[in-house]
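Residue numbers (this note's numbering): 1039 to 1837.
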């Protein structure tokens, strides 16, 4: 049975390309800051590279085998799908080139010029030659090509210059050469010295072109023509079944083989002469179907690291991460968690809180064991460093490292070995299951027993991506949750141990069944004449079973609101649109959290999850969804969903034809990521205002207290700056005290002028405004609360 034609599903690869089109829209949008548009071209290109290495490669294998894995091609044969993908990609690449040309023109208007080797003036030429000889030449080894010699191996995702050398006087005397453009040792862009107000950038490709005479001086050719090539190879790992090897050894061997994977596509400069093109294709034994004509430059992914030479207006306004209101500096996080749950929202709040939790667990003498699941970590990982220090402090540390995290396999093998050498108990996954859950478990001795603490999240423990991925993570010591996290680690240690989880929803054991039941509950409510509704936020929705269930709910009258950033697997037809709506938000941060909210007849149920609704997540991965029991946290996440549903700046409607039209539905502008940042900041970012007299010891003590507690402080020097009556009235109103409470009754001026007088509140406010020296100090304000901070410890009453 073909589910796709029956249910009007959308092919996964086509839907993914539609998502990448949304990324390209950000590069095209004139409202996106100029240098961010350049970065989005890089992100688009990087995404496309990965698509060809993984998804397109899988389609190619199906073409070769003539089969359809998991019945996911829909109405296409493998060959038809491959042709459709090629057509879409060629169209997108033409669009990229057009957008790039627009950006280049806009850069010119801002006195920033991207120039090629033919546009260098004499002084720039001297600068480029010196740079080439000092930095570039030591990394270059041209390979001379001939019919006799074997054609050199082209590395995956590397850019090459195919060079034709010839003589002006004798065009028939020619040679071919191949040069790999360095990618790690030399930046792709060179910023040239400014000329007046103008800034100049030249690509490394053109630096090399300009200096061909220095590279080929030992030949007598005087014409050098260079054309770019880029190879993309199949990134699938074939893991052998040799039982004498460890899994790490098998993975390491497979990674070496990946580098020589089967060619998936070769992009070449469309202006390449026919003779050179035919020579390369023939020597490579390349199927012309795998060759795509392109522009002069390849590896646009390097635009993600374009030099930061723009003005402030050319970049997004930086939204600085702030602290959680309950996790002040020098605060024991474990002590806080004994009283309440804490939810962190990245990248709006700082990832340092997670590092602080690990550090505290590493040095707390009562902590006996730490467990963590690692999927991707940063290159110089502070997370791993904290774990290493925990081991050195005598803790038992269990680390589940998923060696099959795509494109992070080599890094994870390195960390696996490093942790094992230090004494960690390292688990390299579970047979047949990829561990994708984001869990931390801390076991601490308290009152002659053990207490569990846990972190359950939607994103990786990676301080780099935590600055650009929108994720959520729950810190808790609630035994309903933390004790079940311990059970998951017991299962990971001993796979034969199976547990019933009453609170956590764990795949592949029961997640599919659980969320199917949640949807059935909403259908049942509608059938009883009640309101049934759900809001589902995830990265990808492609699982046929879950899509059928959502479609059924919509047809039965359940109101379904979907927020799906990436792959979206079914057409919202006019009939379905009566009850089902779907949007995708692509903006400055990558939407990565999974949040599921069900109406449940007024007793709303909300879950965060590491899992998308894809067959791999529900069938073949260890994933965890976590119920949110804390009312305040539930409201924060509900507000996030509501804010996203209102977005009319960066939300696209996922309609039946995937046209990616913007969700323009209000006069007022809503932009979810910035609006949610403001919402969370208002709740958590504490800026203390202190009305301060620097000459007063008590006022200095109050200021010192705030500084030591790590608060952001706004100092009001009211003696010199003055205080208006309305301002003073508002401040005193926030304290709940009468104005006379704030009068310094021992001051000479009070004794001589006002002592013994019966005055109204308004009269005292006027007197204090005109005579600020009479005002008690310091007064500290936190939002709608204020207090006289004498003694300084009074401040805690308004936190």
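Each residue gets a CB set at the ideal place from its N, CA and C atoms; glycine is no exception.
None of the values given here were measured: they were computed from a predicted structure.
C-beta atoms of residue i and residue j nearer than 8 Å
i, j, result
"residue 1162", "residue 1238", "yes"
"residue 1466", "residue 1429", "no"
"residue 1468", "residue 1530", "yes"
"residue 1244", "residue 1083", "no"
"residue 1477", "residue 1633", "no"
"residue 1648", "residue 1496", "yes"
"residue 1691", "residue 1618", "no"
"residue 1778", "residue 1813", "no"
"residue 1726", "residue 1820", "yes"
"residue 1063", "residue 1686", "no"
"residue 1607", "residue 1580", "yes"
"residue 1371", "residue 1513", "yes"
"residue 1717", "residue 1684", "no"
"residue 1378", "residue 1668", "yes"
"residue 1353", "residue 1074", "yes"
"residue 1215", "residue 1196", "no"
"residue 1652", "residue 1762", "no"
"residue 1424", "residue 1400", "yes"
"residue 1079", "residue 1153", "no"
"residue 1482", "residue 1558", "no"
"residue 1200", "residue 1267", "yes"
"residue 1631", "residue 1521", "no"
Cross-strand partners of residue i (DSSP beta bridge)
i, result
"residue 1661", "1545"
"residue 1571", "1597"
"residue 1036", "Residue 1036 lies beyond the residue range present for the chain, which begins at 1039 and ends at 1837; the question has no answer from this structure."
"residue 1096", "DSSP lists no partner for residue 1096."
"residue 1806", "DSSP, once it has assigned bridges, lists no residue as partnering residue 1806."
"residue 1619", "1599"
"residue 1636", "1572, 1643"
"residue 1813", "1781"
"residue 1651", "1579"
Closest by C-alpha distance to residue i, when choosing among the options
i, options, result
"residue 1731", "1067, 1745, 1717, 1758", "1758"
"residue 1572", "1734, 1587, 1301", "1587"
"residue 1702", "1714, 1688, 1657, 1712", "1688"
"residue 1254", "1091, 1187, 1224, 1175", "1175"
"residue 1816", "1747, 1736, 1652", "1736"
"residue 1312", "1265, 1345, 1351, 1785", "1265"
"residue 1077", "1166, 1345, 1214", "1345"
"residue 1384", "1055, 1712, 1098, 1761", "1712"
"residue 1204", "1533, 1314, 1808", "1314"
"residue 1644", "1578, 1334, 1556", "1556"
"residue 1544", "1560, 1594, 1597, 1473", "1473"
"residue 1126", "1405, 1485, 1086, 1554", "1086"
"residue 1391", "1301, 1500, 1306", "1500"
"residue 1168", "1655, 1248, 1095, 1498", "1248"
"residue 1475", "1434, 1546, 1453, 1490", "1546"
Extent of the continuous alpha helix (DSSP H) to which residue i belongs
i, result
"residue 1425", "1420 to 1430"
"residue 1084", "1072 to 1089"
"residue 1671", "1669 to 1684"
"residue 1204", "Unbroken run through residue 1204 is the beta strand (DSSP E), 1197 to 1204; no alpha helix (DSSP H)."
"residue 1347", "First-last for residue 1347: undefined, no H or E at that position."
"residue 1517", "1517 to 1531"
"residue 1151", "It is not in any alpha helix (DSSP H) - residue 1151 instead sits in the beta strand (DSSP E) that spans 1150 to 1153."
"residue 1330", "It is not in any alpha helix (DSSP H) - residue 1330 instead sits in the beta strand (DSSP E) that spans 1329 to 1332."
"residue 1136", "1116 to 1147"
Residue i, enclosing beta strand (DSSP E) - first and last residue
i, result
"residue 1182", "1181 to 1183"
"residue 1819", "1817 to 1820"
"residue 1824", "1823 to 1826"
"residue 1306", "1301 to 1307"
"residue 1647", "1643 to 1647"
"residue 1219", "Taken as a continuous stretch (DSSP letters only), residue 1219 belongs to no beta strand (DSSP E), as it is neither H nor E."
"residue 1232", "1227 to 1233"
"residue 1434", "1434 to 1439"
Distance cut-off 7 Å: residue i Cβ against heavy atoms of the ligand HEM
i, result
"residue 1677", "Inclusion of the ligand HEM in the displayed structure is not the case, the ligand content being empty and no account of it being possible."
Give, in chain order, every unbroken run of the alpha helix (DSSP H) that is at least 4 residues long and sits entirely within the stretch 1450 to 1481. none
In chain order, what are the residue ranges of uninterrupted beta strand (DSSP E) at least 3 long that sit wholly in the stretch 1690 to 1740? 1725 to 1729
Mind listing, in chain order, the continuous beta strand (DSSP E) runs of no fewer than 3 residues lying wholly within the stretch 1349 to 1432? 1380 to 1384, 1405 to 1412
Entirely within the stretch 1738 to 1767 and at least 3 residues each: give me those beta strand (DSSP E) ranges in chain order. 1750 to 1754
Continuous alpha helix (DSSP H) assignments of at least 4 residues falling wholly in the stretch 1158 to 1192: 1160 to 1169
Ranges of the beta strand (DSSP E) found wholly within the stretch 1237 to 1271, counting only runs of at least 3: 1261 to 1271
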